[in-house]
Amino acid sequence: MTGKRIDGKATAAELRAEVGRIAAFFRAGTGRPVGLATVLVGEDPASEVYIRSKRAACGEATMESVHHALPAETSEADLLALIARLNADPAVDGILVQLPLPGHMDAGRVIDAIDPDKDVDGFHVVNAGRLAVGDPAALVPCTPLGCLHLLKAELGDLSGKHAVVIGRSNIVGKPMAMLLLAESCTVTIAHSRTHDLPALVREADIVVAAVGRPEMVRGEWIKPGATVIDVGINRVAGTEPGKTRLVGDVAFAEAEAQAGAITPVPGGVGPMTIAMLLRNTVVAAHRRAG
Ligand code: GUN
49 MTGKRIDGKA
59 TAAELRAEVG
69 RIAAFFRAGT
79 GRPVGLATVL
89 VGEDPASEVY
99 IRSKRAACGE
109 ATMESVHHAL
119 PAETSEADLL
129 ALIARLNADP
139 AVDGILVQLP
149 LPGHMDAGRV
159 IDAIDPDKDV
169 DGFHVVNAGR
179 LAVGDPAALV
189 PCTPLGCLHL
199 LKAELGDLSG
209 KHAVVIGRSN
219 IVGKPMAMLL
229 LAESCTVTIA
239 HSRTHDLPAL
249 VREADIVVAA
259 VGRPEMVRGE
269 WIKPGATVID
279 VGINRVAGTE
289 PGKTRLVGDV
299 AFAEAEAQAG
309 AITPVPGGVG
319 PMTIAMLLRN
329 TVVAAHRRAG
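Just so you know, the working numbering puts 335 at position 287 of the sequence shown, and the rest follows in order with no gaps.
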């Protein structure tokens, strides 16, 4: 058996088109575009690429993005002052502070300075709390939201399924577990201290791998027919000298032979993250507009 490849790129394109239609409707109704403010401190090349992709996707969806590029030596107080201005700006519906921040800043303090109702990354403690208690006002982190969308598109009703989430980060693992619990899955969160991870994964109907370790999850761990969502994006040495390639946290070829369905890397979860950022921003705009 070979599992179906879940096409995140196509699903994300459909979602972006839908969000674009809603953003155009918002603009027609309110006389202003949906607005996203992006903030980047320093010149990390990977972060610059992410920000460019996010802003390009905004433009395609007829949303307006305003970028704030701050030098690496910006003080935390100056960044907090910018966030306060963006919180108070009626044209700004969403605020995204790209991570990682330079070492002299406390990311938790910075994120928690963002108005929770403009926190389109869903990283603020208020949004984490809202998600944990099932409050529909939660803005939910984009990557797990994208994973859930793919899972529901593939499987429909998830209730009663055993989901094993590998990874316990605040950005992916924990919110993913909360979302699956809300879908009435039986959820296990595994991490670096978990005993006998292969045996645990063999019990899973759904596997979400978000550990950041290239090809750690092996094909023989996958229960035949299980659905595998690979959040990992790891750059490793390619077969030709000097070339690199992207791999996930799952050994794709092995796992594809066992799985019912599986996301590839690239082209699986990655495109969904940006689509969900746009969706969160449009949702935040509508809520603010009442
Ligand atoms: N850095 C890497 N991924 C993300 C993300 O989804 N949001 C933000 N703000 N920073 C990131």
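Glycine is no exception: its CB is placed at the ideal position from the N, C-alpha and C atoms. Source: prediction; values computed, not measured.
A distance of 8 Å or more separates the beta carbons of Ala285 and Glu263. Per the DSSP secondary-structure output, His210 pairs in a beta bridge with Thr234. For the set Lys271, Pro289 and Ala125, the Cα lying nearest the Cα of Ala307 is the one of Lys271.
When secondary structure is reduced to three states using DSSP, Val330 falls in the helix class. Cβ atoms of Val235 and Ala211 come within 8 Å of each other, at about 5 Å. When secondary structure is reduced to three states using DSSP, His197 falls in the helix class.
Secondary structure note for Val255: its beta strand (DSSP E) is the uninterrupted segment Ile254 to Ala257. According to the DSSP assignment, Asp278 belongs to no alpha helix (DSSP H) but to the beta strand (DSSP E) extending over Thr275 to Asp278. As a beta-bridge residue in DSSP terms, Ala309 pairs with Lys52 and Thr275.
Taking 7 Å as the cut-off, the C-beta of Cys190 counts as close to a heavy atom of the ligand GUN. Shortest Cα-Cα distance from Phe73 to any of Glu304, Thr110 and Cys106 involves Thr110.
In the three-state reduction of the DSSP assignment, Ala58 falls in the helix class. DSSP places Thr191 within a helical segment (H, G or I) once states are collapsed to three. Counted as a single uninterrupted DSSP element, the alpha helix (DSSP H) harbouring Asn175 occupies residues Val173 to Val181.
Comparing alpha carbon positions, the residue from Asp92, Cys106, Ile159 and Lys222 closest to Val82 is Cys106. If the five residues before and after Asn282 are omitted, its C-beta is found closer than 6 Å to the C-beta atoms of Pro262 and Val295, all from its own chain and listed in chain order. Within the region 282-309, the complete alpha helix (DSSP H) segments at least 4 residues long are 300-304, listed from N- to C-terminus. Around the beta-carbon of Met49, fewer than 16 other beta-carbon atoms lie within 10 Å, marking it exposed. The alpha carbon of Leu203 has as its nearest neighbour, out of Ala337, Ile310 and Arg80, the alpha carbon of Ile310.
DSSP, reduced to helix, strand and coil, places Leu228 within a helical segment of the structure shown.
In this chain, the alpha helix (DSSP H) harbouring Ile131 covers Glu124 to Ala136. Counting only the Cα atoms, Ile254 lies some 16 Å from His239. Of all alpha-carbon atoms in Val256, Arg266, Glu288 and Lys291, the one lying nearest the alpha-carbon of Val279 is that of Val256. DSSP places Gly142 in the uninterrupted beta strand (DSSP E) bounded by Gly142 to Val145. At least 8 Å separates the beta-carbon of Ala333 from that of Gly194. Here DSSP, grouped into helix, strand and coil, assigns Glu112 to strand.
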